[in-house]
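In this note's numbering, each residue's number is its place in the sequence shown (first place is 1) plus 1012. One structure below.
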Amino acid sequence: MTVERERISVFDTTLRDGEQSPGCSMNQQEKLRLAHQLDRLGVDIIEAGFPIASEGDFESVRAIAAVVRRPVIAGLARACRPDIERAWEALRDAARPRIHVFLATSDIHLQYKLRITRDQCVAQARDAVRFAKSLCPDVEFSPEDATRTDPDFLCRVLEAVVEAGATTLNIPDTVGYTVPSEFGALIAMIRRCVPGIENVVISAHCHNDLGMAVANALAAVANGARQVECTINGIGERAGNASLEEIVMAMRVRPDQYPYDTGVASEQIFAASQTLSEITGVPVQPNKAITGRNAFAHEAGIHQDGVLKNPLTYEIMTPRSVGVPDSKLVLGKHSGRHALGMRCEQLGYQFDRRALDDIYRRFVRLADKIKHVEDHHLLELIRDTHKPSTSATPLIEPIPAAKAAAVSAPANEPVKPFPAVPATNAFGVPLPVHADPQQEPNQQEDYLWGV
Ligand code: KIV
Ligand code: ZN
1013 MTVERERISV FDTTLRDGEQ SPGCSMNQQE KLRLAHQLDR LGVDIIEAGF
1063 PIASEGDFES VRAIAAVVRR PVIAGLARAC RPDIERAWEA LRDAARPRIH
1113 VFLATSDIHL QYKLRITRDQ CVAQARDAVR FAKSLCPDVE FSPEDATRTD
1163 PDFLCRVLEA VVEAGATTLN IPDTVGYTVP SEFGALIAMI RRCVPGIENV
1213 VISAHCHNDL GMAVANALAA VANGARQVEC TINGIGERAG NASLEEIVMA
1263 MRVRPDQYPY DTGVASEQIF AASQTLSEIT GVPVQPNKAI TGRNAFAHEA
1313 GIHQDGVLKN PLTYEIMTPR SVGVPDSKLV LGKHSGRHAL GMRCEQLGYQ
1363 FDRRALDDIY RRFVRLADKI KHVEDHHLLE LIRDTHKPST SATPLIEPIP
1413 AAKAAAVSAP ANEPVKPFPA VPATNAFGVP LPVHADPQQE PNQQEDYLWG
1463 V
C-alpha cells in the first residue's frame, strides 16, 4: 500500500538568519554562489537577506532575485513602512517575491525592547501586513518570540494578520526555549483557534539553544506545519537554526514516522554544506549529523568489519544519498584486518592472509603511536614490510616515494573532510566496495584483533 505523503516546503534562511551568526557573513558574490547551490538543492524558498540592514544586503537580495528564478525569494522586514518598502525594492524583479514581516509579540519584548502595549502590537502587525500585501501578493508574518508569548494574545495577533492578508504564518522559537511536545501542542492550538488559518501555511522556525531545533521543527510538522525554516549546517544566531539536512533526511530515512516529502535533492546536500563552509571558512563540526566529516566514518574494528560486509549494519543511509562520495574507514588502533586489507586494496595492493598478518602487526604498533594511520603511512609500511616479489600481489607496481606522496596527503597538509578514497586502482579498474564473498574463514579473528 502506498502511503500518501504530504509535501513540506523548505524555507532556507542560510543567507539571512544563518549569515547573522558570528563569522558567517558573506559578500554579494558569495551569496550568489550559495543561492545557486540552494537552487540546485531544490529548496522552495530562499530568504536572501534583510534588505534594510545594509547596502550590501540590499544589493545581494536584488542580485539573487534577478538570477535565481525557480524558488520563491524572500526578504525580511521589520513591521514598519521603510523596511517593507526597501524589501520590496530589492525583491520586485523576482519571479516569485515574498515579503517576510516580523514583529515581537512576547511581553518581555514588548515591554523592554519595543516599549509598546499589546494593543499597539496588534495594530502595528496588522498595518504592516496590509501595507506589504499592497505591494506583494505573498506575505509571511512572524510573531518573534512566539514560544514565550501568551497563547491567547498570540492567536489575537495571528488572526489580525490573516485578516490583513498574510499567506504564511511563521511561528518562531526565537530563543530556542521550547521542547517538542510543547511546540507541537502550540502549532495544534494555532490550527484549532485562529480563524482563517485553513487558508494560510503554518511554518516553524526553530533555534537550537537547547539542541532541540530539529526535533521541534519535526514536532511542528507532525502537528500541521507545512513549511520548515532551516539552514545548511544548522548555522544561525547563537546555537544556530534547525539544520536543513537533518530535517530532510529524518523524513527520508524515517517515512514511517514522518510521512512527508520535500523537494530537496538530497544528493546535493554535501555540496551545499561544503560550499557554505568553504565560503565562510567555518568548518563543520566533525560529528555533525549528515554533513560532518565523521558522519560516515567508522573506526572501531567491529563496525568496519560490519560495514564492509554490508553497510546497512552501521549506516542508516548511504553516503551517496547525501552526496558524500564514499564512506571512509578511519584506520586507527581499533581497526581490524578486514578494514586494513580493504584499504590496502584501495591503494592497489592485495595480500594473502600471511602477508596481511605481517602488515597488520606493524600497523597495530604504528597506530598505537599515532592516532590515525593515513594512506601515506600505510604505503610506507607496505613498502617496508614486503618486497613486491614475496607474498604481496601488487595490483599496481609499488609506488616510488615521490609518487606515493602524490596519491596520499602529506602529514602536514590540512585534513580535508572526506578525503577521496580512490574508487578505482591506478588503471581505472573499479575496486571492490563490499567484502569479497570468497572471504577467508576466520571471521571472528577479525573482530578480536580489531577490538
Ligand atoms: O528567530 C526569529 O525570531 C527570526 C524571525 C525574524 C523570524 O529569525
Ligand atoms: Zn531566527
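Ideal Cβ positions, reconstructed from N, Cα and C, are used throughout, including at glycine. Model, not experiment: these values are computed from the prediction.
My guess is that D1157 and T1186 are in contact by the Cβ rule of under 8 Å, so how many angstroms apart are they, rounded? 5 Å
List the endpoints of the continuous beta strand (DSSP E) containing E1042. That residue, E1042, is in no beta strand (DSSP E); its alpha helix (DSSP H) goes Q1040 to L1053.
Cβ of I1076 within 8 Å of Cβ of A1107? no
Compare the beta carbon distance of A1541 and V1336 with 8 Å and say whether it is the shorter of the two. Nothing can be reported for residue 1541, as the shown portion of the chain is limited to 1013 through 1463.
May I have the straight-line CA-CA distance separating L1230 from H1121, to the nearest angstrom? 26 Å
DSSP beta-bridge partners for S1021? Q1239
Run through the region 1174-1199 for me and flag every whole alpha helix (DSSP H) of 4 or more residues, listed as ranges in chain order. For the region 1174-1199, there is no continuous alpha helix (DSSP H) assignment of 4+ residues that stays within its boundaries.
Within the present structure, is the beta-carbon of N1245 separated from the nearest heavy atom of ligand 1 by less than 7 Å? no
Closer than 7 Å: F1375 CB and nearest ligand 1 heavy atom: no
Let's test the definition: count the other Cβ atoms within 10 Å of the Cβ of R1093 and tell me whether it reaches 16, buried, or not, exposed. R1093 comes out exposed.
In DSSP terms, what R1127 is bridged to: According to DSSP, R1127 bridges with nothing at all.
In angstroms, rounded to a whole number, what distance separates the CA positions of T1330 and A1137? 46 Å
By how many angstroms is the C-alpha of H1384 removed from the C-alpha of P1444? Note that P1444 scores 36 on pLDDT, short of 50, meaning its location in the model is unreliable and no value can be drawn from it.
Buried or exposed: where does I1382 fall if 16 or more other Cβ atoms within 10 Å of its Cβ makes it buried? Exposed is the call here.
For S1146, count neighbouring C-beta atoms within 10 Å of its own C-beta (all shown protein chains included) and say buried if the count is 16 or more, exposed if not. By the neighbour-count criterion, in which a residue is buried when 16 or more other Cβ atoms sit within 10 angstroms of its Cβ, S1146 is exposed.
Under 8 Å between C-beta atoms of A1140 and A1060: No, the pair does not count as a contact, with Cβ atoms beyond the cut-off.
Might you give, ordered along the chain, the residues of its own chain that have their beta carbon closer than 7 Å to the beta carbon of G1304, omitting 5 neighbours on each side? V1296, Q1297 and P1298
Return yes when at least one heavy atom of ligand 1 lies under 7 Å from the C-beta of S1154, else no. yes
Grab me the residues of L1166's own chain with a C-beta within less than 7 Å of its C-beta, minus the 5 sequence neighbours each way, in chain order. T1117, P1155 and A1158
Is L1088 near ligand 4, judged by its Cβ being under 7 Å from some heavy atom? Ligand 4 is not part of this structure, which contains only ligand 1 and ligand 2.
Reference V1073, options R1082, E1392, E1101 and G1177, closest by Cα: E1101
Bounding residues of the beta strand (DSSP E) (the contiguous stretch that carries S1154): V1151 to E1156
Quick one: which unbroken beta strand (DSSP E) runs of 3-plus residues sit fully inside the region 1091-1128? Chain order, please. 1109-1116
Residues in its own chain within less than 8 Å of G1293 by CB, not counting five upstream and five downstream? G1035
Count the other CB atoms, across all protein chains shown, that sit within 10 Å of the CB of L1324; report buried if there are 16 or more and exposed otherwise. exposed
Using a Cβ-based criterion (distance less than 7 Å to any ligand heavy atom), does D1029 qualify as near ligand 1? yes
Apart from the five residues just before and just after G1353, which ones in its own chain have a Cβ nearer than 7 Å to its Cβ? F1363 and L1368
Alpha carbons only, please: which of L1198, R1104 and I1394 is nearest the one belonging to E1071? Checked all of L1198, R1104 and I1394; the closest Cα to E1071 is R1104.
Span of the alpha helix (DSSP H), counted from its first residue to its last, around V1233: A1225 to A1234
Assigned exposure category for D1024 - 16 Cβ within 10 Å defines buried: buried
Using CA coordinates, which residue listed in A1178, I1085, L1288 and Q1032 is at the minimum distance from A1065? Nearest C-alpha to A1065: Q1032.
What are the complete beta strand (DSSP E) segments, minimum 3 residues, inside the region 1340-1398? 1361-1363
Given that a residue counts as buried once 16 or more other Cβ atoms are within 10 Å of its Cβ, and exposed if not, what is G1208? By the Cβ neighbour-count rule, G1208 is exposed, with fewer than 16 other Cβ atoms within 10 Å of its own.
Rounding to the nearest angstrom, what Cα-Cα distance links K1321 and C1356 in this structure? C1356 has its alpha-carbon roughly 16 Å from the corresponding atom of K1321.
Can you look up V1419 in the DSSP assignment and give me helix, strand or coil? Confidence at V1419 is low in this model, with a pLDDT of 31, below 50, so the placement of that residue should be treated as unreliable; the coordinate-derived value is given next. It is helical.
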